[in-house]
Every structure is written in structure tokens, then in C-alpha cells.
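Data first, discussion second: the structure below is written as C-alpha cells.
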Amino acid sequence: METTAATSPGALRDRMVDRILTNEHLPPWVEAALRSVERHRYVPEAPLTDAYDEKAVITHTFPDGTHLSCASGPTIVAAMLTALDVRPDQRILEIGAGTGYNAALLATLVGAGGQVTTIDINADVTAAARRNLDDTGFPHVRVLTRDGADGAAEEGPFDRIIVTVGAWDIPQAWWDQLAPDGRLVLPLRWRGTTRAVALTKQEDHWKSDWVFLCGFVPMLGQPGERKSVIHPDGLAALHHDLDQPIDADALLGVLDREKSAIWSDVTVHGQEPFDRVWLHLSAVDDGTVRIEADQQAVADGLCTPAIASRSPALVEDGSLAYFTIRRTDSPGRWQLGAIGHGPLGHRLATRIVDQIDAWDRDRTADPEILAFPTGRPIPDRTKGKIISKPENRLVLRY
């Protein structure tokens, strides 16, 4: 591509940062790092304009085509760096080396007196990250090939840990290797959804102070999620957690059972996000899962979730309800509701609508998330919904 002053890497990079600033507040030091580190040199196979676009750039895939590694979208990169609150001279651990771009930003933030270590389980990923970092002036960043769940005890303790792959659980090694006043920022997966969460280390548990919608390539080695097909032709499936006793056989064919639709009085305009309804459901209902519907299922009216590939749903025994939307008579507005199937479908749909109403009372509220490492008791006075994982018990509360 022939470049001009307007399409030069520097101009595109400035445009990328300016675009982020229209929606996100960035500290001056994070803004400066984003303007200085040459993102396009970490994704050399991508067209220059794609390197500075908002979309993630896929860099490695599995043989079946699923994504193994990528350069995350600039907005989530900036938001997570801001939440991490990096200071000069700190020691940083990054889980998920990606292209090396994030490690370069971190190295810029900590300066010459700090140290950045980045880890990835895949040798091809770490080799590419090492090459990119060397080529762009960051040979001092340490790149290690190992399971990110193990951390890097020999390089710690760390002032900050940032995870750039979707983590289903929080390994004990990250707790052990983080300084007492440290911060952990990670994309945390539960009940079919993913949120970037900033956690501070308390005496005996993690405590959140920031939650942000995101999507990341899942971390390898954490098989905590299950997929259950609920249609005989494979047109719909549920994604649920290991601790949820989902009876896939009882749910097969549920979409062909009696149907009931319940509509709230809540409406949104076309560009208004409603993803926090999912958070409300997960904070009160043990049956919260993700439903995924094939486009054919949507076209046939068999299953019409708000977003076909990922919408919240509730399951109980052999019944199901899922979150849905429909156009209103007002141009550009949508009404929120739920559709239930099976003997308990109406009751489950009502529970979804109850949480739509709860979200409507404060559409920007996020839950507080506590994580108690296994073996540490949850105090009796602690209120909230408990979600059990092998290495932690999460507590979600509003």
C-alpha cells in the first residue's frame, strides 16, 4: 500500500488513539505509550490500515481454524492498561504473549528501571513475539514458553499481572507471585460470558474495582466450560460451566416444546448496549448459561435470541428460557423480553424479565466480584451469588 501523510503509520496510530479517546479516558502515560509503540510492526502480515483498526488481528490459528492467538483490539488494550495502573520501575507479568505488542506497551510504561516478563504456552507464538520485540527495540522484555497458569516465580514477585487470554479460573500461582499490594487484570469467564476484571489482593481474597465487556481467545489448559447441543440437527447449543448440573439429554429438543414469550416494558435504541442484563442474571441465578443459535434456526423462527451467537439463557431441569428482543413501533427502538420452552419455560422467562427490570433501574451498574482461593473460607456475613471453580469460589453481588 502506498502511504501518504494521512495514511502513514504515525498518522494512523494517532487516529487510533484519538478514536479510543472519544469513548475512554486514558491517563497521559497510557496515551503516550499507545502513540509511540508501532502496532503495525507486530502484525506485519496485516494491511497497514487493519493494524490500526478497532478489530483484533488474528495471528495464529489451530488446524480446524479456531483462533489460537491475536493482537487484541486497541480499545480493550488501552482499557486494560489503564485498569492495571502501571507505574515506573515495576515488575510486570503478562500471561499470553500474543504478538509482543502489549509487552512493548508495558515496557514503555515501566521504563528502564522496570521489568516485563511475558509467557505463552505455544512456542510459535513466543517465537514471533520474541522476534517482534527484538525488531522494535525491546530486547530486554523476557519471553518464556510455558503454561501461563504456572506464572514465572523466578522473575517475581510482581507488582502487576495482566492476562490477555480468557481465563476461566484464577490459578494459585498468580496469587502467590503477586505482591501484597498488587493488581491483577484479566478477562474472566463465567456463566458463558467474559468480562475484563481488575482485582486487588486482599488479606485472603481478590476484590474487583473495575469490570469491562470484552472477548478473548480462551486460555488453554482450563477446560471448565461445556457445550450441550439442544436441537437434533445441531441448530442450537448451550455453553455452561463445569459446576452446573446441566442434563443435556433432557434438553435435547426443548425448542420444540411449549413456548411462552414475556415482554418487559424496557426498550433500548439500536446502538445501546444491554450486555449487563447477563451480569444481573449471573449474580442471582444458578441456571445462567449462554445460548448459541444457528442462523437457520433464527430464520426459521425456531430460536431467536437477542444475539444469535451469544445471548444469556436460563436452564432448569428440562426447560429453557433465553433473552430476546423485538422491534417496537418507534423507529430504531427495541423491546427486551424472554422466550421460554418446556414446563418451566414461563417461570424461567419471568426470571429473565425480572433481571431486565433490575438492569433498567441502573443500566451502568456492574457487580462487585470477590474471589476466594480454594481453602480460604467465605465469611458468613458475605452476601452474593457463589460460583464454584476448582481454584476459587467467586462471589458476585450488587
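For the sequence shown, full-length UniProt numbering assigns the number 1 to the initial residue and increments by one for each residue that follows. Where a beta carbon is used, it is the ideal one built from N, C-alpha and C, also for glycine.
- In the three-state reduction of the DSSP assignment, E292 falls in the strand class.
- Under the DSSP assignment, P74 falls in the alpha helix (DSSP H) whose first and last residues are 74 to 84.
- Straight-line measurement puts the Cα of G113 at about 45 angstroms from the Cα of H239.
- In the three-state reduction of the DSSP assignment, Q335 falls in the strand class, which pools E and B.
- By the Cβ criterion, the segment 220 to 237 is in contact with the segment 298 to 309, since at least three pairs of Cβ atoms, one from each stretch, lie closer than 8 angstroms.
- Buried is the label assigned to T164, since at least 16 other Cβ atoms lie within 10 Å of its Cβ.
- Each residue's CA atom was taken as its position, placing D360 and H140 some 49 angstroms apart.
- Distance from the CA of I95 to the CA of A46, rounded to the nearest whole angstrom, comes to 24 angstroms.
- The alpha-carbon of D275 is positioned some 40 angstroms away from that of D134.
- Ranking A33, V395, G221, E38 by CA distance to the CA of W206 puts V395 first.
- The alpha-carbon of G318 is positioned some 14 angstroms away from that of V289.
- Linking A56 to T194 through their CA atoms gives a straight-line distance of about 16 angstroms.
- Contact between the segment 213 to 232 and the segment 175 to 184 is absent: fewer than 3 CB-CB pairs across the two stretches fall below 8 angstroms.
- In the assembly as shown, D380 is an exposed residue. Its beta-carbon has fewer than 16 other beta-carbons within 10 Å.
- In the structure shown, A103 falls within a helical segment according to DSSP collapsed to helix, strand and coil.
- Remark: three or more beta-carbon pairs, one from each stretch, lie closer than 8 angstroms, so the segment 202 to 219 and the segment 355 to 375 are flagged as touching.
- If you draw a straight line from the Cα of Y52 to the Cα of R19, it comes to about 10 angstroms.
- The count of Cβ pairs closer than 8 angstroms, one atom from the segment 86 to 101 and one from the segment 109 to 128, reaches three, so the stretches are in contact.
- Fully contained in the segment 112 to 192 are the following beta strand (DSSP E) runs of length 3 or more, in chain order: 115 to 120, 142 to 145, 158 to 163, 178 to 190.
- If you ignore the 5 residues before and after D14, its C-beta comes within less than 8 angstroms of the C-beta of R35, all in its own chain and listed in chain order.
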